[in-house]
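Protein chains in written order, with the working numbering: chain A, 1 to 73; chain B, 1001 to 1632.
Note that the Cβ used here is the ideal one computed from N, Cα and C, for glycine as well.
Predicted model only: the values in this text are computed from it and were never measured.
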Amino acid sequence: MHGSGIPIWFFIGVLLLIYGGMIFGYGIYEWQTASYPPAVELTRLHTPVWWGGVLALLGLFYVVKFRPGRAGR
Amino acid sequence: MYGSIPAASAGSLGSLPALLAFSTEPLAHLRTLDVAVIAIYFIMVLWIGFYLKGRSNTSEEFFMAGREMTAWIAGLSFVSANLGSLELMGWAGSAYQYGILATHWYWIGAIPAMLFLGLVMMPFYYVCKTHSVPGYLDLRYGGGARSVAAISFATEMILMSGVNMFAMAVVMKVVLGWDISFSIFVSSIAVAIYVGLGGLRSAIFNEVLQFVLIWGGALLVPILGLIQTGGVGGLKRQIMANMQSMTGVRSDSYFHLWRDTGSFAANPMGVHWTGIVFGLGFVISFGYWTTDFLVVQRVLAARNLRAARMAPIIGSFFKMAVPFIVILPGLLGLVLLQNPDGSRRQLVGEDVVAACTVSSSGQVDDASACSAAMAKTSLPAAYRQKVLSSEPGAELHSYNQALPLMMVRYLGPGLLGLGITALIAGFMSGMAGNVSAFSTVWTYDIYKPLINKRGSDSHYVMVGRLSILIGVAVSIGAAYLVMHAHGIMDYVQALFSIFVAPLLATILFGMFWKRATKLAGFLGLLLGIVFSAGLFMWVKLVPSALADVALSPDAKPMAENVFRALWAFVFAAIVVVVVSLLTKPRPVAELDGLVYGATVLPKEESVPFYRNEYAWALLVVIIFAALNIIFW
């Protein structure tokens, strides 16, 4: 699917970028305010920060690499 | 997916409807961020559907995605169509019950068949340019075999879609407290829109998207779980200690794939290696991965023969990795899940959960039934008493809830939404697979040959779109039928295992034996289905017959599926061989493109080894062998 049109990887990149940004942002808020959900384990690892960051970076990579107009070149 | 190996074989979801009566607090409460994550997912899949509408105007585009998918997209879609949320939860629960024996359904129950499809069978499917598996039977054996396969497949697809739609809605009710009808209608309407608009291309695009989401949402659970147990070594030590406290025996059976399969009684699953190798590894696995049109359709959409051969091989790498997000969480649940009072939480079968239904007054409905059901488990006596007294926090959870419980344990706001989205995505990709495959088989193998042979191309596209809407509507009807008549669920779930073995025998003989005749193909398929259904009904009506079907009094229900498939395959094969020898074969010249030995395959251009399908298949074989040796 790299012919005319938007590649699926671009859609995936957009979704991961949005999700990563949201989760990373919440993770920073949670860390700063120390308002951790009581029933969740291992909050000291700040999972939303690093996992959200990974998703966002992966999403950014796919958005840039497969942005419309670039695919097929 | 819904006719897939796990759903058909595990049998662990059959009592899900009983949970409807179980009123308790949902496992998780979503926050605004979680709801936003789920909502964005729905917006995205609908956006893809609307975007692709303009590229699905001809029948080739709508039903076959224009046959322009790359090997990667076809391969990921091939695996994703099988990776449903019910399978994720069902096999996590099976791992909790049986240990890594459940991994057989991902490794020997998939990898050899996927390689065989890519390297051996794909050229025939691809070269004959069929639109479907029943279409291949039409070319090889004629209209009779095609009609039997098409009608049985279409029926199975739509009923299984409904049953699994309902099962998923029950899970959403138990996990999140969502209304059953809300879950059914929102998810099925979204699927109907994006597949109806964009056809197979839209289904494939979304399956790839959903595959990424499933990993993004589920991967954290094993990572965090292993951190908490101190790695694999710590997990193993803790499970063995738990087993000793529960059974008095310090067994490491949970960590061996093959060592304890020399007898039915020696392993927790109650299976024998012969059943695993020949029943699961050959008949069920090859039947599903090489002849079930739901998955084969994804590969047929590849842009050339090399991509079509590479797609299952690429898919096999990811299939081998799936136990990391399915089996491992089940094993971790064995040692990490806790009751509110800090004691270890023991999961039980859904029949036990259903027997201990709590009424609106907060008391167990039928204390004696509940007590009897719990007596069959290893729940501590003190905890059983707490359940019977309906003490706060003394709840029962089923094996199938192992994965959601682990998600709730580790995932906070946002991440939990992503985890739930992964489950919803898995469900929707499976349903999209069902309806897109149903639409193609209905249009090409039932409507076109039997109802209207002379329609225009645009007419068939319109029929395809309409059949998606009708298919979804019938699925919804089936979901509500199951809701009101729970017993139907077992029968519908058995459809796949009844059809698959005769279909495999018919196709293998058709593809690799020039002597197989039209009548043999038709009778082999038809009588094989009748024989397989007969075996199923025999065990259903006379449960003790299980010992005869599986050849051991120690056999458990899991063994029945694999042995029934094995006998049905043998029976269908005998019918095909005997009838072929008694009837006149087709001239070899008519078998070009259909049968091994009568077909000149197109010569493929030479490529470097890193793009060669045989090199990648060899790597898969090495990893597959290594995994089986490591976990022997």
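Compute the beta-carbon to beta-carbon distance between residue i and residue j, rounded to the nearest angstrom, for a pair I have assumed lies under 8 Å.
{"i": "S1080 of chain B", "j": "S1429 of chain B", "result": "5 Å"}
{"i": "S1532 of chain B", "j": "A1501 of chain B", "result": "6 Å"}
{"i": "V1208 of chain B", "j": "P1602 of chain B", "result": "Going by Cβ atoms, the distance from V1208 of chain B to P1602 of chain B rounds to 27 Å, so no, they are not a contact pair."}
{"i": "V1576 of chain B", "j": "G1524 of chain B", "result": "4 Å"}
{"i": "A1102 of chain B", "j": "V1283 of chain B", "result": "That belief does not hold up - the Cβ atoms of A1102 of chain B and V1283 of chain B are roughly 19 Å apart, past 8 Å."}
{"i": "Y1645 of chain B", "j": "F1522 of chain B", "result": "The structure shown does not extend to residue 1645 of chain B, since chain B spans only 1001 to 1632, so no value can be given for it."}
{"i": "L1046 of chain B", "j": "A1190 of chain B", "result": "6 Å"}
{"i": "G1198 of chain B", "j": "I1048 of chain B", "result": "7 Å"}
Step through the CB atoms of chain A and report whether any lies within less than 8 Å of the CB of residue i.
{"i": "F1205 of chain B", "result": "yes"}
{"i": "A1036 of chain B", "result": "yes"}
{"i": "P1222 of chain B", "result": "no"}
{"i": "S1141 of chain B", "result": "For clarity, residue 1141 of chain B is Tyr in the given sequence; the question names Ser instead. Cβ-Cβ to chain A under 8 Å: no for Y1141 of chain B."}
{"i": "M1044 of chain B", "result": "yes"}
{"i": "I1623 of chain B", "result": "no"}
{"i": "I1424 of chain B", "result": "no"}
{"i": "S1009 of chain B", "result": "Low local confidence applies: a pLDDT of 38 at S1009 of chain B is under 50, so the model's placement there is unreliable, with the coordinate-based value given in what follows. Chain A, which has no Cβ nearer than 8 Å to the Cβ of S1009 of chain B, makes this no."}
{"i": "I1314 of chain B", "result": "no"}
{"i": "V1461 of chain B", "result": "no"}
{"i": "V1232 of chain B", "result": "no"}
{"i": "L1411 of chain B", "result": "yes"}
{"i": "L1209 of chain B", "result": "yes"}
{"i": "R1055 of chain B", "result": "yes"}
{"i": "L978 of chain B", "result": "Look at the range of chain B in this structure, 1001 to 1632, and you will see that residue 978 of chain B is not part of it."}
{"i": "M1001 of chain B", "result": "Interpretation of M1001 of chain B is limited by its pLDDT of 36, a score under 50 that renders its predicted location unreliable; the figure taken from the coordinates is listed afterwards. No - not a single Cβ of chain A is within 8 Å of the one on M1001 of chain B."}
{"i": "I1040 of chain B", "result": "yes"}
{"i": "S1627 of chain B", "result": "Inspection of the sequence shows that residue 1627 of chain B is occupied by Leu rather than by Ser. No, L1627 of chain B lies away from the interface with chain A (no Cβ there is under 8 Å from its Cβ)."}
{"i": "G1198 of chain B", "result": "no"}
{"i": "G1216 of chain B", "result": "yes"}
{"i": "L1415 of chain B", "result": "yes"}
{"i": "I1048 of chain B", "result": "yes"}
{"i": "L1033 of chain B", "result": "yes"}
If you follow the alpha helix (DSSP H) that residue i is part of, which residue opens it and which one closes it?
{"i": "L1337 of chain B", "result": "Here L1337 of chain B belongs to no alpha helix (DSSP H), and DSSP marks it neither H nor E."}
{"i": "I1622 of chain B", "result": "E1613 to I1630"}
{"i": "A1190 of chain B", "result": "I1180 to A1218"}
{"i": "K1386 of chain B", "result": "A1381 to L1388"}
{"i": "D1034 of chain B", "result": "T1032 to L1052"}
{"i": "F66 of chain A", "result": "Element bounds for F66 of chain A: n/a, residue is neither H nor E."}
{"i": "G1162 of chain B", "result": "G1143 to L1176"}
{"i": "K1673 of chain B", "result": "In the structure as shown, chain B starts at 1001 and stops at 1632, and residue 1673 of chain B therefore has no counterpart that could be examined."}
{"i": "E1061 of chain B", "result": "S1059 to M1064"}
{"i": "S1467 of chain B", "result": "D1457 to H1484"}
{"i": "T33 of chain A", "result": "I8 to T33"}
{"i": "A1113 of chain B", "result": "I1111 to F1116"}
{"i": "G1417 of chain B", "result": "L1415 to T1440"}
{"i": "V1271 of chain B", "result": "Segment: none, V1271 of chain B is in no alpha helix (DSSP H) and carries neither H nor E."}
{"i": "P1026 of chain B", "result": "No alpha helix (DSSP H) contains P1026 of chain B, which DSSP labels as neither H nor E."}
{"i": "S1285 of chain B", "result": "S1285 to T1291"}
{"i": "P1647 of chain B", "result": "Nothing about residue 1647 of chain B can be read from this structure; chain B reaches only from 1001 to 1632."}
{"i": "L1547 of chain B", "result": "Residue 1547 of chain B is actually Ala in this sequence, not Leu. From DSSP, the alpha helix (DSSP H) with A1547 of chain B extends over L1546 to V1549."}
Using a Cβ cut-off of 8 Å (strictly closer), state whether residue i contacts chain B.
{"i": "P48 of chain A", "result": "yes"}
{"i": "F66 of chain A", "result": "no"}
{"i": "V63 of chain A", "result": "no"}
{"i": "W51 of chain A", "result": "yes"}
{"i": "I28 of chain A", "result": "no"}
{"i": "F10 of chain A", "result": "no"}
{"i": "M1 of chain A", "result": "Note that M1 of chain A has pLDDT 47, beneath the 50 cutoff, so the model's placement of it is unreliable and the number below is only indicative. So, interface residue."}
{"i": "G5 of chain A", "result": "yes"}
{"i": "L16 of chain A", "result": "yes"}
{"i": "L57 of chain A", "result": "no"}
{"i": "P37 of chain A", "result": "yes"}
{"i": "L42 of chain A", "result": "yes"}
{"i": "G21 of chain A", "result": "no"}
Identify every residue that forms a DSSP beta bridge with residue i.
{"i": "V1364 of chain B", "result": "B:V1358"}
{"i": "M1069 of chain B", "result": "B:A1302"}
{"i": "V1348 of chain B", "result": "B:S1398"}
Stretch-stretch touch, CB-based, cutoff 8 Å, three pairs: the stretch 1256-1265 of chain B with the stretch 1528-1548 of chain B: no
Three or more C-beta pairs below 8 Å linking the stretch 1281-1296 of chain B and the stretch 1050-1058 of chain B: no
Contact between the stretch 1297-1315 of chain B and the stretch 1122-1138 of chain B (3+ Cβ pairs under 8 Å): yes
Touch test, the stretch 1470-1478 of chain B against the stretch 1146-1159 of chain B, Cβ-Cβ under 8 Å, three pairs minimum: yes
Inter-stretch contact (C-beta, 8 Å, three-pair minimum) for the stretch 26-43 of chain A and the stretch 1234-1248 of chain B: no
Inter-stretch contact (C-beta, 8 Å, three-pair minimum) for the stretch 1443-1452 of chain B and the stretch 1230-1238 of chain B: no
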